[in-house]
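Chemist:
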Amino acid sequence: MSNGAITTTAAGLAGQTIKPKVSSEDWIMRAVLVGIALYLLITMVFPLYAILSKSFENPDGVFIGLSNYIKFFSTPALFWSIQNSLTVTLITTFIVVPLAFVFAYALTRSCMPFKGLFKGIALIPILMPSLLPAIALVYLFGAQGLIKGALMGQELYGPIGIVMGECIFVFPHVLTILLIAMANADARLYEAAQVLGAGKIKTFFTVTLPGVRYGLVSAFFVGFTLVITDFGVPKVLGGKYNVLATDIYKQVVGRLDFEMGAVVGMVLLVPAVAAFFADRIAQSRQVALLSARAVPYEPKPSRRFDMMMMGFCMLIGALILTVLGTAAFASVAKLWPYNLSFSLNHYDFDLMDGGGWDSYFNTLELAAWVAVIGTMAVFTGAYLVEKSKGFETGRSMMQFLCMIPMAVPGLVLGLAYIFFFNDPDNPLGFIYHTMPILVICTVTHFYTVSHLTAVTALKQMDPEFEAVSSSLKVPFYRTFIRVTVPVCLPAILDISMYLFVNAMTTVSAVVFLYSPDTALASVAMLNMDDAGDTAPAAAMGMLIVGTAAGVRLVHMLLSHGLLRRTQAWRYR
Amino acid sequence: MNDSQAAYLQVENLTKMFGDFTALKDISLDVFESEFVCFLGPSGCGKTTLLRAIAGLDIQTRGRIEQAGKDISALPPSERDFGIVFQSYALFPNLSIKRNVAYGLENKGMAKPDIDARVKELLELVGLSDQGDKYSAQLSGGQQQRVALARALATSPGLLLLDEPLSALDAKVRGHLRHEIKELQSKIGVTTIMVTHDQEEALTMADRIVVMNHGIIEQVGSPNEIYDDPASPFVADFIGTMNFLEATIAAPGRVRFGAAELTATDADGLQAGSDVTICIRPEDVTTRGVDAGTDNAIKATVTDLEFLGSVTRATLNVAGDDSLEFRADFSANLMRDLVIENGKDVTVAFPTDHLHVFTERVQTEVEV
Ligand SMILES: Nc1ncnc2c1ncn2[C@@H]1O[C@H](COP(=O)(O)OP(=O)(O)O)[C@@H](O)[C@H]1O
Ligand SMILES: [Mg+2]
Chain A
1 MSNGAITTTA AGLAGQTIKP KVSSEDWIMR AVLVGIALYL LITMVFPLYA ILSKSFENPD
61 GVFIGLSNYI KFFSTPALFW SIQNSLTVTL ITTFIVVPLA FVFAYALTRS CMPFKGLFKG
121 IALIPILMPS LLPAIALVYL FGAQGLIKGA LMGQELYGPI GIVMGECIFV FPHVLTILLI
181 AMANADARLY EAAQVLGAGK IKTFFTVTLP GVRYGLVSAF FVGFTLVITD FGVPKVLGGK
241 YNVLATDIYK QVVGRLDFEM GAVVGMVLLV PAVAAFFADR IAQSRQVALL SARAVPYEPK
301 PSRRFDMMMM GFCMLIGALI LTVLGTAAFA SVAKLWPYNL SFSLNHYDFD LMDGGGWDSY
361 FNTLELAAWV AVIGTMAVFT GAYLVEKSKG FETGRSMMQF LCMIPMAVPG LVLGLAYIFF
421 FNDPDNPLGF IYHTMPILVI CTVTHFYTVS HLTAVTALKQ MDPEFEAVSS SLKVPFYRTF
481 IRVTVPVCLP AILDISMYLF VNAMTTVSAV VFLYSPDTAL ASVAMLNMDD AGDTAPAAAM
541 GMLIVGTAAG VRLVHMLLSH GLLRRTQAWR YR
Chain B
1 MNDSQAAYLQ VENLTKMFGD FTALKDISLD VFESEFVCFL GPSGCGKTTL LRAIAGLDIQ
61 TRGRIEQAGK DISALPPSER DFGIVFQSYA LFPNLSIKRN VAYGLENKGM AKPDIDARVK
121 ELLELVGLSD QGDKYSAQLS GGQQQRVALA RALATSPGLL LLDEPLSALD AKVRGHLRHE
181 IKELQSKIGV TTIMVTHDQE EALTMADRIV VMNHGIIEQV GSPNEIYDDP ASPFVADFIG
241 TMNFLEATIA APGRVRFGAA ELTATDADGL QAGSDVTICI RPEDVTTRGV DAGTDNAIKA
301 TVTDLEFLGS VTRATLNVAG DDSLEFRADF SANLMRDLVI ENGKDVTVAF PTDHLHVFTE
361 RVQTEVEV
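Those sequence lines, one after another, are chains A and B. Take the first sequence: its letter number 544 is residue 544 in this note's numbering, and every next letter is one higher. Take the second sequence: its letter number 158 is residue 158 in this note's numbering, and every next letter is one higher.
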């Protein structure tokens, strides 16, 4: 027997801890990772620090401690906004989450027909700037509204209008989260419940609800964050009812009180950050709940139940289509409500204030840059976080940086950019008031969701691809280009689409950053509505929706074709 | 193997920690040129960890690794010389089989015709000449496994590492591929280390087996040595079937088992009166031609018979001591000739050269 012969030559060496040699490839990976981390530091952490310190300064930049905050909390007109914001946000979330839940239930647990169509309609508001449903509501319930009687004499401008507008705006976002949570039902649990003789209602409360409870919690907090940080709806429909989001804008743009703007921004950050952490906790629990061996649930037809579900979906679908249709109709009506004959006058944007057609083309340019640069940065960053070796601290710091943007409201980010980039001492100040700052701000604003999409796709890849290629002496970047990117192409296209659409519809962050040369369509909408040109604002909104829908369609066809050509391996 | 010849791969005092957990404890091992070595042990014992340390994929905490005379202890995988096949195969799904096999060659600046020729040769070697233009999703598990093997061998590495390459396959394909891999390995003579938890796989394929348990090496030896002469109760129990029986030392070289006294060379140096465990495989228990006068004879009663096909496994009680029970395998032939049936009294022998003595009292439950 030749038992593992111990050679004693280097016995002394054996005691030392091995320091793995870092290869040149590892250095490249680390350098790129650090580069992207630096990008996030400069475009997010530093500006956030700038806005935080601004909230402790007077207009001359002198540190004055908590004075600004004391002023905020001793001015009722200011601090009442906190209560107002929370009120409309909570009411909206408590209305939307149950509605979206039933809708998602209908799509996943019933056998009703036209599921695809209903889902498509429900997702339309994702393509709208939040200003658009608000403007449509003005045409429906405003002073000259078509059906203003339905409000029974109540005033549209104020909490009622805000809640109605926000409901439409966040519905698809909440629905998406619930659909994902519901798609993971385990049929075995339902069978077990049936075997045990549990009725439909009992099964619902003992199986269905517990299975999606974290999804519900997550949907609640995401809805909460979207509403409390939304600026478009309260801007149009708030009237004299102040909320935090509109207050920031009023302080900065209306009163040029940047310091108070910073304070309100910090106050708005608190619920956003809290909701962010609550959502993260819920999400991680949801993942843990998933069992790999779950058997997908197949709903069984039940005429009465399916018809009830379809009736509900038709109602919601009709509401959304009414809003869209109203905006479309108003944009082509000659003079609402007196002359409803067809006219494209409102699309002649060059006649209005707000930036004209240029703003539309600027928006397209912005969206294209954001989609291209953002997708590249996000996917590369996610790849390095997931696949690089060693460098644990660097990677976990990067992971943390990637999550922060989700917790930062767009208005706060935009205002923070003013403080950071418009500082005469900042060598990067030259990008202020240019297209690049809009691109950078938008990429950062929407970084987190894109990052998570990329991480999910990367996690599904065989973890040994990198090991195999290093054994074959193929550098990682080659495998990244030749294998990782092609295999993850569907996710990459999804990310670019997400970034494109959001860049088109966003108002909050960019409203502080555009210049006359870089006016954007969504901002033009805002300004035209402000100036009383409601119909042109609706027209611009329709243009955005139409473009987003068109680009989405092209993207669908394109990725379909691309997938067929490059992903032949997916089909046996 | 040949101890005078310098080892191709030398692993010295390797320790790997995951936080506070020690996955490998001071492992030392030599692997010789062209040898086929199997790391065998229960799941979680550290086989993969050792393999990944050798590959540089998860570098050890302490200890030294030398390959072909060069210290590679701290080198990244890209600076070591090996090919690797994983349980998942890790074939690139978006590249054709040919491109998968050519993956390492394309990077070496080889001319296109040379690459094509080499790929053709390799696909022939693994018997997949006509599958080159397909994608991995279109191949069976066994075929994918062979593609992964061809890809790992393409650059003619000095060392081939296989991590449970067969365990994702069904039994029939597995048996077939065992043979094929072994044949391929001896044909091209590449030094090979394969990780497996399947003893049959290790016994049929390996030149030498490294039996591991809880981060240490229990025994290194040829399949025969491991099977016939287990160095520890763990190895005895993990490989094949073994009777573990309580006994005491009667005198140096002699053990008392029930009423019988047996000669056991393993017991030569042991103190009279000490408790030991004696081991014998059921198939080594003899009956034919045994009588009370035979060396190491034991009187026993058959209490249970389990038909296993070509042999029948009998459970026997030692006469005079119902608590002592052991198993013996009887061939169909013997069953007939001696009319073995439940309740029958027989005399069996534990031949000295198959009888092992361990000084520990052993729990025989080892998870495989
Ligand atoms: N990356 C890791 N982190 C922590 N523990 C690990 C890691 N990899 C392996 N281990 C632990 O080390 C032990 C040996 O693992 P492994 O080498 O994979 O066993 P096997 O013999 O089944 O291949 C196991 O207990 C495992 O849980
Ligand atoms: Mg293993």
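Every residue, glycine too, gets a C-beta built ideally from N, C-alpha and C.
Should Glu164 (chain B) be counted as a contact of ligand 2 given a C-beta to heavy atom distance under 7 angstroms?
Modeler: yes
Chemist: List the residues of chain A that Glu79 (chain B) touches, going by C-beta distances under 8 angstroms, in chain order.
Modeler: Simply Lys21, Ser23.
Chemist: Take the Cβ of Gln131 (chain B) as the centre, count every other Cβ of all protein chains shown within 10 Å, and call the residue buried at 16 or more, exposed below.
Modeler: buried
Chemist: Return yes when at least one heavy atom of ligand 2 lies under 7 angstroms from the C-beta of Lys47 (chain B), else no.
Modeler: yes
Chemist: Find the residues of chain B that neighbour Ala467 (chain A), judging by a C-beta separation of less than 9 angstroms, and give them in chain order.
Modeler: Close to Ala467 (chain A), with beta-carbon spacing below 9 angstroms, are these residues of chain B in chain order: Arg52, Ala55, Leu57, Pro77, Ile84, Phe86, Ala90.
Chemist: If you measure from the CB of Val195 (chain B), is any heavy atom of ligand 2 nearer than 7 angstroms?
Modeler: yes
Chemist: Of all the CB atoms in chain A, is at least one closer than 8 angstroms to the CB of Glu365 (chain B)?
Modeler: Only weak support exists for where Glu365 (chain B) lies, its pLDDT of 46 falling under 50; the value from the coordinates is given anyway. By this cut-off, Glu365 (chain B) is not an interface position.
Chemist: Within the continuous alpha helix (DSSP H) that includes Asp494 (chain A), where are the two ends?
Modeler: 489-505
Chemist: Using a C-beta to C-beta distance shorter than 8 angstroms, which residues of chain B count as neighbours of Asp26 (chain A)?
Modeler: Within chain B, the residues near Asp26 (chain A) are Pro76.
Chemist: Give me the residue from A:Ser53, A:Arg552, A:Phe94, A:Val22 with the minimum Cα distance to Ile72 (chain B).
Modeler: Among A:Ser53, A:Arg552, A:Phe94, A:Val22, the Cα nearest to that of Ile72 (chain B) belongs to A:Val22.
Chemist: Rounding to the nearest angstrom, what Cα-Cα distance links Leu216 (chain A) and Leu269 (chain A) in this structure?
Modeler: Those two C-alpha atoms are separated by around 23 angstroms.
Chemist: Can you tell me the Cα-Cα spacing of Phe419 (chain A) and Gly261 (chain A), whole angstroms?
Modeler: 11 angstroms
Chemist: Given 8 angstroms as the limit, is there contact between the region 140-156 of chain B and the region 167-183 of chain B, that is, 3 or more CB pairs closer than that?
Modeler: yes
Chemist: So Met397 (chain A) is in the alpha helix (DSSP H); what residue range does that whole segment cover?
Modeler: 392-407
Chemist: Spell out whether any CB of chain B is found under 8 angstroms from the CB atom of Glu392 (chain A).
Modeler: no
Chemist: Using beta-carbon positions only, say whether Pro125 (chain A) and Gly390 (chain A) come within less than 8 angstroms of one another.
Modeler: no
Chemist: Tell me whether Phe391 (chain A), by its Cβ, gets closer than 7 angstroms to a heavy atom of ligand 1.
Modeler: no
Chemist: Less than 6 angstroms between C-beta atoms, sequence neighbours within five positions excluded: which residues of the same chain meet that for Ala457 (chain A)?
Modeler: Cys488, Ala491
Chemist: Identify whether Met110 (chain B) lies in helix, strand or coil by the three-state DSSP scheme.
Modeler: coil
Chemist: Within 10 Å of its beta-carbon, does Phe114 (chain A) have 16 or more other beta-carbons around it, so buried, or fewer, so exposed?
Modeler: exposed
Chemist: Which chain A residues sit within Cβ distance under 7 angstroms of Gly104 (chain B)?
Modeler: Taking a Cβ-Cβ threshold of 7 angstroms, the residues of chain A close to Gly104 (chain B) are Leu472, Lys473, Val474, in chain order.
Chemist: Name the DSSP beta bridge partners of Met376 (chain A), please?
Modeler: Note: Met376 (chain A) sits in no beta bridge, so no partner.
Chemist: Using a Cβ-Cβ cut-off of less than 7 angstroms, give me the residues of the region 58-70 of chain B that come near chain A, in sequence order.
Modeler: For the region 58-70 of chain B, the beta-carbon criterion of a distance under 7 angstroms to any beta-carbon of chain A is satisfied by Ile59, Gln60, Thr61, Arg62, Gly63, Arg64.
Chemist: For Gly44 (chain B) and His214 (chain B), what's the separation of their Cα atoms in angstroms?
Modeler: 7 angstroms
Chemist: Count the CB pairs spanning the region 222-236 of chain A and the region 275-283 of chain A that are closer than 8 angstroms, and state whether there are at least three.
Modeler: yes
Chemist: Drop a sphere of 10 angstroms on the beta-carbon of Gly61 (chain A), count the other beta-carbons inside from all chains shown, and report buried for 16 or more, exposed for fewer.
Modeler: exposed
Chemist: Can you give me the C-alpha to C-alpha distance between Gly145 (chain A) and Ile64 (chain A), rounded to a whole angstrom?
Modeler: 49 angstroms
Chemist: Please list the terminal residues of the continuous beta strand (DSSP E) segment that includes Thr22 (chain B).
Modeler: In the DSSP assignment, Thr22 (chain B) falls within the beta strand (DSSP E) that extends over 21-31.
Chemist: Is His369 (chain B) buried or exposed, if buried means 16 or more other CB atoms sit within 10 Å of its CB?
Modeler: In the structure displayed, chain B extends from 1 to 368; residue 369 (chain B) sits before or after that span and is not available.
Chemist: List, in order along the chain, the chain B residues whose C-beta lies closer than 9 angstroms to that of Ile481 (chain A)?
Modeler: Near Ile481 (chain A) there are no residues of chain B at all, since even the closest Cβ is about 11 angstroms away, more than 9 angstroms.
Chemist: Taking only runs that begin and end inside the region 277-363 of chain B, name each unbroken alpha helix (DSSP H) of 4 or more residues, in chain order.
Modeler: 332-337
Chemist: Consider the Cβ of Gln16 (chain A): report whether some Cβ of chain B lies at a distance smaller than 8 angstroms.
Modeler: yes
Chemist: Could you have a look at Ala11 (chain A) and say whether DSSP puts it in helix, strand or coil?
Modeler: Residue placement at Ala11 (chain A) cannot be trusted, given a pLDDT of 41 that sits under 50; what the coordinates show is reported in the next sentence. DSSP places Ala11 (chain A) in the coil class of the three-state scheme, outside both helix and strand.
Chemist: Between Ile431 (chain A) and the rest of its own chain, which residues show a CB-CB distance below 7 angstroms, the 5 nearest in sequence each way excluded?
Modeler: Phe421, Ile437
Chemist: Strictly by DSSP, which residues pair up with Ser96 (chain B)?
Modeler: B:Tyr135
Chemist: Round the Cβ separation of Met398 (chain A) and Leu33 (chain A) to the nearest angstrom and send it over; I've been treating them as touching at under 8 angstroms.
Modeler: 6 angstroms
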